[in-house]
Amino acid sequence: MKIVVCIKQVPDAKDVRLDPVTNTLAREGVQSIMNPYDQHAVEEAVHLKEKLGGTVTVLSMGPPQAEEVLRQAISCGADHAVLVSDRAFAGADTWATSYTLAKAVQKIGDFDLILCGKQAIDGDTAQVGPGLAIQLDIPFVTCIQKIREATDTELVMERMMDDGYDVLAVDYPVLLTVVKDINTPRVPSLKGKMKAKKAEILVLSAADVGADPKKIGLAGSPTQVVDVFPPPPRGERALLTGSIDDQVEQLVERLAVYL
Amino acid sequence: AEKSVQMDLESWSGIWVYCEFRGGNLATVALELLGVGRTLADARGVKLVAVLIGSETGDSAEKLIGHGADIVYRADDPALHYFTDEAYGAILTELIRKKKPEVVLAGATAIGRSFFPGVANALGAGLTADCTQLAIRAGDGALLQTRPAFGGNIMATIECPGSRPQMSTVRPNVMKQLEFDPSRSGEIIDIDLAPAMLKSKVRVLESVVSDSDDVNIQESDILVGGGRGLDTEKGFTLIRELARSLDGSVSASRAVVDAGWIGYPHQVGQTGKTVAPKLYIACGISGAIQHVAGMQSSETIVAINRDENAPIFNVADFGIVGDLFEVLPKLISKIEEHRKS
Ligand SMILES: Cc1cc2nc3c(=O)[nH]c(=O)nc-3n(C[C@H](O)[C@H](O)[C@H](O)COP(=O)(O)OP(=O)(O)OC[C@H]3O[C@@H](n4cnc5c(N)ncnc54)[C@H](O)[C@@H]3O)c2cc1C
Ligand SMILES: Cc1cc2nc3c(=O)[nH]c(=O)nc-3n(C[C@H](O)[C@H](O)[C@H](O)COP(=O)(O)OP(=O)(O)OC[C@H]3O[C@@H](n4cnc5c(N)ncnc54)[C@H](O)[C@@H]3O)c2cc1C
Numbered sequence: 027m028k029i030v031v032c033i034k035q036v037p038d039a040k041d042v043r044l045d046p047v048t049n050t051l052a053r054e055g056v057q058s059i060m061n062p063y064d065q066h067a068v069e070e071a072v073h074l075k076e077k078l079g080g081t082v083t084v085l086s087m088g089p090p091q092a093e094e095v096l097r098q099a100i101s102c103g104a105d106h107a108v109l110v111s112d113r114a115f116a117g118a119d120t121w122a123t124s125y126t127l128a129k130a131v132q133k134i135g136d137f138d139l140i141l142c143g144k145q146a147i148d149g150d151t152a153q154v155g156p157g158l159a160i161q162l163d164i165p166f167v168t169c170i171q172k173i174r175e176a177t178d179t180e181l182v183m184e185r186m187m188d189d190g191y192d193v194l195a196v197d198y199p200v201l202l203t204v205v206k207d208i209n210t211p212r213v214p215s216l217k218g219k220m221k222a223k224k225a226e227i228l229v230l231s232a233a234d235v236g237a238d239p240k241k242i243g244l245a246g247s248p249t250q251v252v253d254v255f256p257p258p259p260r261g262e263r264a265l266l267t268g269s270i271d272d273q274v275e276q277l278v279e280r281l282a283v284y285l
Numbered sequence: 002a003e004k005s006v007q008m009d010l011e012s013w014s015g016i017w018v019y020c021e022f023r024g025g026n027l028a029t030v031a032l033e034l035l036g037v038g039r040t041l042a043d044a045r046g047v048k049l050v051a052v053l054i055g056s057e058t059g060d061s062a063e064k065l066i067g068h069g070a071d072i073v074y075r076a077d078d079p080a081l082h083y084f085t086d087e088a089y090g091a092i093l094t095e096l097i098r099k100k101k102p103e104v105v106l107a108g109a110t111a112i113g114r115s116f117f118p119g120v121a122n123a124l125g126a127g128l129t130a131d132c133t134q135l136a137i138r139a140g141d142g143a144l145l146q147t148r149p150a151f152g153g154n155i156m157a158t159i160e161c162p163g164s165r166p167q168m169s170t171v172r173p174n175v176m177k178q179l180e181f182d183p184s185r186s187g188e189i190i191d192i193d194l195a196p197a198m199l200k201s202k203v204r205v206l207e208s209v210v211s212d213s214d215d216v217n218i219q220e221s222d223i224l225v226g227g228g229r230g231l232d233t234e235k236g237f238t239l240i241r242e243l244a245r246s247l248d249g250s251v252s253a254s255r256a257v258v259d260a261g262w263i264g265y266p267h268q269v270g271q272t273g274k275t276v277a278p279k280l281y282i283a284c285g286i287s288g289a290i291q292h293v294a295g296m297q298s299s300e301t302i303v304a305i306n307r308d309e310n311a312p313i314f315n316v317a318d319f320g321i322v323g324d325l326f327e328v329l330p331k332l333i334s335k336i337e338e339h340r341k342s
């Protein structure tokens, strides 16, 4: 079983704010982490490898420091790591990102299964997984909450829906995106950490993966962010006053339109 | 998937809405999107088109016309009983290629956020995720798509300057639907479905709908959210009672979902659902940024918490500092009193 897991390095969302003067992201001192959903994707991949045999390759597109999350994945049981990194990738939207990742996957070679997180906690789009599958011309299923059965030929799994879940079966190759319910990521072992430290990370440029310059980065992105601004303020802190009975009374009056 | 460069933008015309139909029902968000779609279509002087995919859709197409559509493209076939990304995606992709609409919208639901990215990618079209605001620029017909990112900490406006169609998924409960008008007229066109289009390599074995308590919280106008302040699973009885008195639904923080007091479909927040009800009442929820990210666009927010420094009060329109075990019973009886009068 050859498994590829796509992982993204993201700023820890709770630290991210807009600079009110420049209206740019204030990233100073903001910690970078592995996208939380991707930790679950790595865990599922390693779990499947332990069951069925094979290898897990982790893949990230990003600046050189994205190496950190690749090493973290190796410490949790991944075997190989690939970083596609090139200044020309800057400004990529989900279309250009899926194109670039697809080129990298094709460069890596054979695969049976690709796992992604449901979404990245910075861009929040949940679009890269499906986009990558279309680029590779393989089927995809999003929001997997459980893999019920995995054999060498077939997967049976549960896809989370708004009103419950669907039970699905599919043969390989396939791309899945996972939600956090699917498993509990393991804590890296000491041995894993040693391995991660020493691991060699294959770094590929746009030219290395044979990407068309017109399809990557800002130039290859159909969407463009034209403005960013802080969310509208919610108004003043409005604590009600008086005894609890008075406050409840006032509240019900104010909520009358909803009753 | 080829990306089209240097498109002839002018030749793309019409505002389209994918109208989600599942388990015999139209999704509410489909009607909401026809509401905003009507505004966009009128601003552009073009037709508003609904795309309906499913099986046994009954009088849904007529309903879509009554809610604002000029044309309904209908794909109704037993093979479409279950949602699959491949079949639904193939039908929509093919139709878009043939008819060339300028804008295509879908609800930012589990289904919309799953198959729309595939369709957009196959078309080389830009797709903006989870929009909360849409406007169209008169001159060039650019769709200005506004959405939250970074867990709701920032808002971004996105355009697709060089490509068509312009596609977006739109959050449920933010757009307004038009009142149903039975006198509206429109055209219903059944799509020819080539057998190849109905195929899916992913096989649906079963579709499990959770019990009645597990309503889709994204579609509720009123949500009562419970957090760790409820102390025990039993605390949820109070939350359920309050929700019932308001004809609302129950949501929760991650802390109590992790504790197993209620199921994950009820979780609001960064790793749960994003909701925007008319009224959100947070009870015993501290207001961690990851929770607030999922509910801050609610119309009115009420917080009940015994800690006056709880961050939830920073996003609340009305706050009561107090013990929820004292406040909630009083609130429930006052509401019932009010509703009877
Ligand atoms: C404010 C803002 C708003 C944006 N809005 C949009 C928008 O509406 N539409 C749009 O097309 N683009 C948008 N973008 C650009 C988008 O964030 C980037 O394209 C990003 O590279 C991928 O999208 P995402 O972060 O949403 O990932 P998602 O699609 O949410 O990520 C899903 C999964 O894909 C994999 N993945 C994603 N990125 C990588 C990577 N670099 N390397 C390896 N695996 C990866 C991971 O497994 C991840 O869990 C926006 C950017 C900003 C700053
Ligand atoms: C990557 C990541 C993703 C996350 N995603 C989510 C998410 O999607 N959704 C989410 O909710 N959280 C999420 N969290 C967790 C989040 O950070 C908080 O831990 C969580 O929201 C806390 O839940 P809570 O408010 O119920 O509990 P607490 O923070 O423990 O708050 C309980 C509150 O109840 C009040 N209280 C106690 N007793 C009473 C009483 N008798 N009467 C009145 N008030 C009382 C207390 O004053 C306190 O403010 C995420 C965290 C991380 C790191």
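Taken in sequence, the protein lines are chains A and B.
Taking the numbering used here, the leading residue of the first sequence gets 27, the next gets one more, and so forth.
Taking the numbering used here, the leading residue of the second sequence gets 2, the next gets one more, and so forth.
We put the beta carbon where it would ideally sit given N, CA and C, even for glycine.
Check your understanding: Can you list, in chain order, the residues of the segment 158 to 190 of chain B whose Cβ is nearer than 8 Å to any Cβ on chain A?
Key -> T158, I159, E160, C161, P162, G163, S164
**Study point:** Check: B/N154 C-beta below 6 Å from any heavy atom of ligand 2
**Key:** The residue given as residue 154 of chain B occupies position 153 in the second sequence. No, ligand 2 has no heavy atom inside 6 Å of this Cβ.
Check your understanding: Quick one, which of B/A139, B/L128, B/I54 has its alpha-carbon nearest B/G46's?
Key -> Position 45 of the second sequence, counted from the first residue, corresponds to residue 46 of chain B. Minimum Cα distance to B/G46 is reached at B/A139.
Practice item. Could you list which residues in chain A have their beta carbon closer than 9 Å to that of B/K202, in chain order? Key: Within the second sequence, numbered from 1, the residue matching residue 202 of chain B stands at position 201. Ordered by position in chain A, the residues that pass the 9 Å Cβ test against B/K202 are I164, P165, V196, D197, V200.
Point to revise | Continuous beta strand (DSSP E) stretch holding A/H106: start and end | key: Taking the first residue of the first sequence as 1, we reach residue 106 of chain A at position 80. That run of the beta strand (DSSP E) goes 106 to 110.
Point to revise | Contact test: B/M168 Cβ vs ligand 4 heavy atom, cutoff 6 Å | key: In terms of ligand content, the structure shown lacks ligand 4 and carries ligand 1 and ligand 2 instead.
Practice item. State yes or no: is the C-beta of A/N61 nearer than 6 Å to some heavy atom of ligand 1? Key: Translated into positions along the first sequence, residue 61 of chain A becomes position 35. Checking every heavy atom of ligand 1 against the Cβ of A/N61, one is found closer than 6 Å.
Practice item. Please check the pair B/T129 and B/I159, which I expect to be a contact at CB under 8 Å, by giving their CB distance rounded to whole angstroms. Key: Taking the second sequence and counting its residues from 1, the one referred to as residue 129 of chain B is at position 128. Taking the second sequence and counting its residues from 1, the one referred to as residue 159 of chain B is at position 158. Yes, they are in contact, since the Cβ atoms of B/T129 and B/I159 sit about 5 Å apart, within 8 Å.
Check your understanding: If you run the structure through DSSP and keep just helix, strand and coil, what is B/Y281?
Key -> Stepping through the second sequence from its first residue, residue 281 of chain B is reached at position 280. Strand, per DSSP.
Review point. Going by the C-beta, is A/D119 closer than 6 Å to any heavy atom of ligand 1?
Key: If you number the first sequence from 1, residue 119 of chain A lands on position 93. The answer is yes for A/D119.
Point to revise | Residue-chain proximity (B/I72, chain A), Cβ-Cβ < 7 Å | key: Against the second sequence, residue 72 of chain B aligns to sequence position 71. No, no contact with chain A.
Check your understanding: Pick out every residue whose C-beta is nearer than 5 Å to a heavy atom of ligand 2: which are they, in chain order?
Key -> A/P62, B/G228, B/R229, B/G230, B/S254, B/R255, B/A256, B/G270, B/Q271, B/T272, B/G273, B/G285, B/I286, B/S287, B/A289, B/Q291, B/H292, B/N306, B/R307, B/D308, B/A311, B/D324, B/L325
Check your understanding: For the 8 Å Cβ check, are there 3 or more pairs between the segment 244 to 256 of chain A and the segment 151 to 166 of chain B?
Key -> yes
Point to revise | Three-way DSSP call (helix, strand, coil) for A/R260 in this model | key: Counted from its first residue, the first sequence places residue 260 of chain A at position 234. A/R260 falls in the coil class under three-state DSSP.
Check your understanding: DSSP on B/Q7, reduced to helix/strand/coil?
Key -> By one-based count along the second sequence, residue 7 of chain B stands at place 6. At B/Q7, the pLDDT of 49 sits below 50, so the modelled position is not reliable; the number obtained from the coordinates is stated separately. Residue state, collapsed to three classes: coil.
Check your understanding: Between the C-alpha atoms of A/V42 and A/L51, what's the straight-line distance to the nearest angstrom?
Key -> Within the first sequence, numbered from 1, the residue matching residue 42 of chain A stands at position 16. Within the first sequence, numbered from 1, the residue matching residue 51 of chain A stands at position 25. Whole-angstrom Cα-Cα distance: 7 Å.
Review point. Would B/T238 be called buried (16 or more neighbouring beta carbons within 10 Å of its own) or exposed?
Key: Within the second sequence, residue 238 of chain B is the residue found at index 237, counting from 1. Looking at its Cβ environment, which holds fewer than 16 other Cβ atoms inside 10 Å, B/T238 is exposed.
Review point. When you compare only the Cα positions, how much space is there between B/G127 and B/F117?
Key: Counting from 1 along the second sequence, the entry for residue 127 of chain B is found at position 126. Counting from 1 along the second sequence, the entry for residue 117 of chain B is found at position 116. B/G127 and B/F117: Cα-Cα distance of roughly 11 Å.
Point to revise | Bounding residues of the beta strand (DSSP E) (the contiguous stretch that carries A/E175) | key: Taking the first sequence and counting its residues from 1, one reaches residue 175 of chain A at position 149. It spans 166 to 176 - the beta strand (DSSP E) in which A/E175 sits, taken as one unbroken run.
Check your understanding: Buried or exposed: B/S334, going by 16 or more other Cβ atoms within 10 Å of its Cβ?
Key -> On the second sequence, residue 334 of chain B is found 333 positions in, with the first residue counted as 1. By the 10 Å Cβ count, B/S334 comes out exposed.
Check your understanding: Taking 7 Å as the CB-CB cut-off, is A/I270 touching chain B?
Key -> By one-based count along the first sequence, residue 270 of chain A stands at place 244. Closer than 7 Å: yes.
Check your understanding: Buried or exposed: where does A/A116 fall if 16 or more other Cβ atoms within 10 Å of its Cβ makes it buried?
Key -> Residue 116 of chain A sits at position 90 when you count from the first residue of the first sequence. A/A116 is exposed by the Cβ-count criterion.
Practice item. May I ask whether a heavy atom of ligand 1 can be found less than 6 Å away from the beta carbon of A/M87? Key: Locating residue 87 of chain A in the first sequence gives position 61, counting from the first residue. True, at least one ligand heavy atom lies under 6 Å from that Cβ.
Review point. Taking C-alpha atoms, which residue in A/A92, A/L158, A/V167, A/Y284 lies nearest to B/T85?
Key: Numbered from its first residue, the second sequence carries residue 85 of chain B at position 84. The residue with the shortest Cα to Cα distance from B/T85 is A/V167.
Exercise for review: Classify B/V6 as buried or exposed, calling it buried when 16 or more other Cβ atoms lie within 10 Å of its own Cβ.
Suggested key: On the second sequence, position 5 is the one that residue 6 of chain B refers to. The pLDDT assigned to B/V6 is 46, lower than 50, so where the model puts this residue is not dependable, and the model offers no usable value.
Practice item. Note down, in chain order, all residues in the segment 69 to 82 of chain A with a beta-carbon under 9 Å from any beta-carbon belonging to chain B. Key: none
Point to revise | Per DSSP, cross-strand counterpart(s) of B/N306 | key: Locating residue 306 of chain B in the second sequence gives position 305, where the first residue counts as 1. Partner(s): B/V322.
Review point. Taking only beta-carbon atoms, is A/K206 less than 7 Å away from chain B?
Key: For the purposes of this step, residue 206 of chain A is taken as residue 180 along the first sequence, with counting starting at 1. Chain B, which has a Cβ nearer than 7 Å to the Cβ of A/K206, makes this yes.
Practice item. Verify the contact flag: B/V203, CB atom, against every heavy atom of ligand 1, threshold strictly below 6 Å. Key: Residue 203 of chain B sits at position 202 when you count from the first residue of the second sequence. Checking every heavy atom of ligand 1 against the Cβ of B/V203, none is found closer than 6 Å.
Check your understanding: Which residues share a DSSP beta bridge with A/L181?
Key -> Within the first sequence, the letter at position 155 stands for residue 181 of chain A. Partner(s): A/A176, A/V196.
Check your understanding: So, does the CB of B/I286 fall closer than 7 Å to a CB anywhere in chain A?
Key -> Taking the second sequence and counting its residues from 1, one reaches residue 286 of chain B at position 285. Taking Cβ atoms only, chain A never reaches closer than 7 Å to B/I286, which makes this a no.
Practice item. Take B/A277 as the anchor and find which of B/I218, B/P196, B/K64, B/N122 has the nearest alpha-carbon. Key: Translated into the one-based positions of the second sequence, residue 277 of chain B becomes position 276. Nearest C-alpha to B/A277: B/I218.
Practice item. Report the partner residues of A/K28 according to the DSSP bridge assignment. Key: The residue given as residue 28 of chain A occupies position 2 in the first sequence. In DSSP, A/K28 forms a bridge with A/T81.
Review point. Buried or exposed: where does A/T210 fall if 16 or more other Cβ atoms within 10 Å of its Cβ makes it buried?
Key: On the first sequence, residue 210 of chain A is found 184 positions in, with the first residue counted as 1. By the 10 Å Cβ count, A/T210 comes out exposed.
Check your understanding: Does any residue of chain B bring its CB to less than 7 Å from the CB of A/V56?
Key -> On the first sequence, residue 56 of chain A is found 30 positions in, with the first residue counted as 1. Taking Cβ atoms only, chain B never reaches closer than 7 Å to A/V56, which makes this a no.
Exercise for review: Look up A/V56 in the DSSP assignment and say whether it is helix, strand or coil.
Suggested key: Position 30 of the first sequence, counted from the first residue, corresponds to residue 56 of chain A. Coil.
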